[in-house]
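Colleague: Dumping the structure here so I can ask a few things about it.
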Amino acid sequence: MTTDPSATHDSASAHDSASAHGSAPAHDTHGPSRAHDPHRSIRPARLLEVDPLLDDPATRIVVCCGSGGVGKTTTAAALGLRAAERGRKVVVLTIDPARRLAQSMGIDSLDNVPRRVKGIDDTAGGELHAMMLDMKRTFDEIVEAHADAERAAAILGNPFYQSLSAGFAGTQEYMAMEKLGQLRARDEWDLIVVDTPPSRSALDFLDAPKRLGSFLDGKLIRVLLAPAKMGGRAGMKFLNVGMSMMTGALGKLLGGQLLKDVQTFVAAMDSMFGGFRTRADATYKLLQAPGTAFLVVAAPERDALREAAYFVERLAAEDMPLAGLVLNRVHGSGAAQLSAERALAAAENLEETRIVDQQDGKVGLCNSPDTHGCSESPASEGPGSAAPAPEPGSPADDRVVTDRAATDNRTTTDDPTIEQLTAGLLRLHAERMQLLSREQRTRDRFAALHPEVAVAEVAALPGDVHDLAGLRDIGDRLAAVRPELPETETGA
Amino acid sequence: MDGLVTLEYVSRLQVVSGKGGTGKTTVAAALALALATEGKRALLVEVEGRQGIAQLFETEALPYGERKIAVAPGGGEVYALAIDPELALLDYLQMFYKMGGAGRALKKLGAIDFATTIAPGLRDVLLTGKACEAVRRKEKNGRFTYDYVVMDAPPTGRITRFLNVNDEVAGLAKIGPIHNQAQAVMRVIKSPETAVHLVTLLEEMPVQETVDGIAELRGARLPVGRVIVNMVRPTVLDAADLEFMETASRPAIARALSGTGLGGARRGGGADRLVMPLLEQAGEYAERHALEHEQRTVLQELGLPLHELPLLAEGMDLAGLYELATELRQQGIS
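Chains as they are written, first to last, in our numbering: chain W, 1 to 492; chain Y, 493 to 826.
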């Protein structure tokens with residue numbers, strides 16, 4: 001990391017504020033604070049259209065990458081389902097799906113084989129298969145496929161191998177790529193959608209195959225193999241001196257027995273190394289091929305988009321074909337004409353009226369001590385209003401009843417309950433508008449840095465997705481080309 | 493706060509994990525600030541090479557070296573260290589075996605690369621080892637160099653394996669310096685000197701991962717500390733408001749809006765046009781509110797100290813970090 005991204009961002013946003021000046025269209029409904037919003041006018045140059053990508057028979061592999069916690073797995077599953085329901089024969093390779101999502105697709109049993117997903121709409125003639133990667137099993141299968149039974153048993157029983165296969169940094173990445181190569185080689189599917197491991201950074205996932213390859217090709221391997229191979233060979237004195245020094249140092253560091261395990265392992269694996277290297281290279285080429293489309297997944301948050309920018313840059317550097325950015329959890333508002341400031345001012349206005357009338361200042365925090373006391377029903381009958389203040393989180397049942405009863409004979413504007421509710425609605429709106437403007441700022445920063453990247457925005461859902469209907473909904477949102485997000489004003 | 497809180501033993505190595513996207517780096521940094529308050533010295537350690545700490549504290553990338561990064565309220569100090577496994581290994585070779593030269597030769601051969609990226613767990617051994625070294629380090633006067641070490645650790649899905657790696661390595665390398673080092677690290681990590689905290693959000697997936705993570709940590713006999721719910725949104729409408737909303741008259745809301753100057757309350761007027769979108773947003777809020785309530789209950793059932801940190805409306809910045817530190821302190825976490 002030689003560049004300081006924040007510096008770039010700053011200069012970039014200085015640019016947009018300059019260009020945005022004067023271009024903001026005049027609106028009639030907004031307040032004085034509106035004048036110029038430096039963050040409005042930058043739009044991604046291109047909109048990512050998901051359906052043409054999924055429908056194109058030339059698209060054979062879609063790779064979803066991005067940092068953890070941005071909805072990568074869900075996006076991969078939603079894309080797979082959508083492509084299948086649009087008539088393609090699809091397999092989704094997930095790495096570590098949430099349990100309920102896996103259950104909904106029927107792949108919660110780890111058997112490392114694609115399973116057909118039931119319950120999809122197959123009227124267009126498509127099929128959806130899904131599998132969850134079992135990295136140890138994938139590794140074991142490679143060993144079994146490429147070594148004779150005796151040698152395979154020796155490798156599988158080697159303690160060093162057992163640790164290596166269960167999770168050295170990078171095994172998951174390597175095995176995901178290996179599995180992708182296998183699925184592609186079977187040629188049973190029109191389209192493979194791959195979810196990538198939640199790597200520490202953008203680099204891991206692209207580097208792991210190479211890294212393993214260079215290790216396997218490297219001098220170190222020769223060193224480790226040396227004792228086994230060098231026995232009878234003369235004429236390699238020079239190397240030999242270096243070797244024994246190295247093995248000595250390694251032995252000192254690792255302990256003789258571990259070194260022996262490593263050496264045994266390496267010797268047993270020797271015949272397979274060529275295969276690893278070849279396949280790693282082949283998978284790498286496959287990723288660069290025209291039939292592959294990378295989608296970088298992110299959420300409109302600073303860290304996630306910073307990672308997304310790294311991915312975009314890395315993919316470009318590796319000649320990997322980027323189709324675009326999927327931006328999950330983007331918020332909108334149906335009342336974007338009302339700014340956060342005005343909403344807050346109006347809410348305060350409504351609350352002040354009530355303070356004058358009722359001398360009670362409920363602001364809306366459930367843990368404020370007077371939550372109960374403010375029960376806006378001086379006329380409220382019954383013992384409910386005298387009960388102790390409820391715990392936050394446990395709605396006081398009796399109070400609800402009181403409110404309900406009170407509602408019946410209060411429907412005028414003067415009604416404090418309506419005002420309280422309205423103030424709450426306005427505060428909620430102010431919060432939403434602040435969120436919108438924050439999201440917009442981070443998005444614009446990204447768009448300024450990478451105007452070439454096509455973007456598909458997915459409107460936020462209030463809850464989690466864990467069934468096919470939810471995935472279908474996400475797919476609809478993904479494919480819905482939203483030429484214009486609700487215009488926002490800069491929030492507070 | 494409750495007087496008892498101060499009597500509680502505060503572990504010197506505090507490990508902060510959490511699902512990706514929950515803000516564990518932020519929480520780790522706030523925790524370091526909170527622990528350093530009142531003249532203490534805390535070291536904030538980063539192990540994943542993302543330079544998240546530098547970004548958070550708005551400084552340039554951290555070198556491999558301990559550097560003062562912030563001053564805590566009351567004169568405390570926060571130091572930061574981004575551990576680079578490769579440099580840590582060379583360091584280690586030099587420090588313990590005077591093998592600086594061999595280290596360079598190993599590097600040439602690709603052995604260092606091997607050791608820090610390919611060799612099972614060796615990378616994690618180095619990372620945890622370095623953190624434990626900082627925990628145990630003492631000054632000439634016999635005092636600990638750092639009162640607390642806070643680690644911004646790998647995510648929940650990998651934390652048990654990460655912390656437990658030394659056990660595995662001690663099993664693999666049955667003798668030799670690595671074996672001894674691994675065992676020494678495990679002694680620190682499995683003792684009350686260490687507490688592993690998990691950061692989560694009030695959403696289903698992070699909560700599920702937290703529950704699973706705690707079970708794994710407990711299964712491996714690693715000391716689980718606290719659960720910290722991050723980015724908790726304020727309660728704007730409580731249960732009673734939401735209940736009332738179901739039956740509230742729309743024209744009445746429009747009139748209330750209109751009364752504050754937001755346009756006409758009549759059908760099609762400015763205020764009237766706001767009512768439906770506002771109610772729609774409140775509906776989404778209600779749905780989320782119910783989900784959050786459910787998830788909070790799940791977390792409460794874990795029987796661990798549970799803390800909540802507010803979502804900062806202005807986004808995360810340095811001032812916000814201090815705000816969260818104060819919040820943690822008020823909640824008796826340090």
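For glycine and all other residues, C-beta sits at the position ideal for the given N, C-alpha and C.
According to DSSP, simplified to helix, strand and coil, what is residue 549(Y)?
Modeller: coil
Colleague: Where in the region 519 to 574 of chain Y do unbroken runs of the beta strand (DSSP E), each at least 3 residues long, occur, reported from the N-terminal end onward?
Modeller: 533 to 538, 559 to 564 and 568 to 574
Colleague: Does chain W have any CB closer than 7 Å to the CB of residue 723(Y)?
Modeller: Not one chain W Cβ lies under 7 Å of residue 723(Y).
Colleague: Which residues does DSSP pair with residue 666(Y) in a beta bridge?
Modeller: Under DSSP, residue 666(Y) forms no beta bridge with any residue.
Colleague: Could you pull out every unbroken beta strand (DSSP E) segment of at least 3 residues lying fully inside the region 57 to 136 of chain W, listed in chain order?
Modeller: 61 to 65, 89 to 94 and 127 to 132
Colleague: Helix, strand or coil for residue 644(Y) per DSSP?
Modeller: strand
Colleague: Using the Cα positions of residue 745(Y) and residue 805(Y), report the straight-line distance between them to the nearest angstrom.
Modeller: 26 Å
Colleague: I need the straight-line Cα distance from residue 558(Y) to residue 418(W), nearest angstrom please.
Modeller: 57 Å
Colleague: For the region 71 to 89 of chain W against the region 121 to 137 of chain W, are there 3 or more C-beta pairs whose distance is under 8 Å?
Modeller: yes
Colleague: Below 8 Å on the Cβ atoms is my guess for residue 537(Y) versus residue 626(Y); work out the distance and round it to an integer in Å.
Modeller: Indeed, because the Cβ distance is near 7 Å, the residues count as touching under 8 Å.
Colleague: Could you check whether the Cβ of residue 561(Y) sits closer than 7 Å to any Cβ belonging to chain W?
Modeller: no
Colleague: Rank 472(W), 425(W), 329(W) and 297(W) by C-alpha distance to the C-alpha of residue 454(W) and give the top, closest one.
Modeller: 297(W)
Colleague: If you draw a straight line from the alpha carbon of residue 654(Y) to that of residue 739(Y), how long is it in whole angstroms?
Modeller: 53 Å
Colleague: Please state the DSSP three-state secondary structure of residue 713(Y).
Modeller: coil
Colleague: What distance in whole Å lies between the Cβ atoms of residue 643(Y) and residue 507(Y), which are believed to be in contact at a cut-off of 8 Å?
Modeller: 5 Å
Colleague: Taking Cβ-Cβ distances shorter than 7 Å, what residues in chain Y pair up with residue 510(W)?
Modeller: What is shown of chain W runs 1 to 492, which leaves residue 510(W) out entirely.
Colleague: Can you find a CB in chain W that lies within less than 7 Å of the CB of residue 752(Y)?
Modeller: yes
Colleague: Can you tell me which residues form a DSSP beta bridge with residue 630(Y)?
Modeller: 636(Y)
Colleague: When DSSP labels each residue in this structure, what does residue 328(W) get in the three-state scheme?
Modeller: strand
Colleague: Between which two residues does the beta strand (DSSP E) containing residue 192(W) stretch?
Modeller: 191 to 195
Colleague: How about residue 107(W): is its C-beta nearer than 7 Å to some C-beta of chain Y?
Modeller: no
Colleague: Exposed or buried, which one is residue 810(Y) when buried takes at least 16 other CB atoms within 10 Å?
Modeller: exposed
Colleague: State yes or no: is the C-beta of residue 719(Y) within less than 7 Å of the C-beta of residue 798(Y)?
Modeller: yes
Colleague: Can the beta-carbon of residue 688(Y) be found closer than 7 Å to that of residue 617(Y)?
Modeller: With respect to residue 617(Y), residue 688(Y) sits apart: the two C-beta atoms are not nearer than 7 Å.
Colleague: With burial defined as no fewer than 16 other Cβ atoms inside 10 Å of the residue's Cβ, what is the status of residue 501(Y): buried or exposed?
Modeller: It is exposed - the Cβ of residue 501(Y) has fewer than 16 other Cβ atoms within 10 Å.
Colleague: Is the Cβ-Cβ distance between residue 570(Y) and residue 522(Y) less than 7 Å?
Modeller: The Cβ atoms of residue 570(Y) and residue 522(Y) do not sit closer than 7 Å to each other.
Colleague: Along the chain, where does the beta strand (DSSP E) that runs through residue 509(Y) open and close?
Modeller: 505 to 510
Colleague: Compare the C-beta of residue 773(Y) against all C-beta atoms of chain W and say whether one is closer than 7 Å.
Modeller: yes
Colleague: Who are the neighbours of residue 464(Y) on chain W, taking C-beta pairs under 7 Å?
Modeller: The requested residue 464(Y) is not part of the displayed model; chain Y covers only 493 to 826.
Colleague: Between which two residues does the alpha helix (DSSP H) holding residue 785(Y) run?
Modeller: Segment 762 to 792, the alpha helix (DSSP H) holding residue 785(Y).
Colleague: So if I threshold CB-CB distances at 7 Å, which residues from the region 688 to 700 of chain Y count as touching chain W?
Modeller: 695, 696, 697 and 700
Colleague: Kindly say whether residue 759(Y), judged by its beta-carbon, lies nearer than 7 Å to any beta-carbon of chain W.
Modeller: no
Colleague: Helix, strand or coil for residue 672(Y)? Go by DSSP, reduced to three states.
Modeller: Helix.
Colleague: Throw me the rounded Cβ distance for the residue 512(Y) and residue 68(W) pair, which I believe falls under 8 Å.
Modeller: 2 Å
Colleague: Closer than 7 Å between beta carbons: that is the criterion. Which residues of the region 787 to 807 of chain Y meet it against chain W?
Modeller: 788, 805 and 807
Colleague: So what does DSSP say about residue 835(Y), is it helix, strand or coil?
Modeller: Here chain Y has residues from 493 to 826 only, and residue 835(Y) is not among them.
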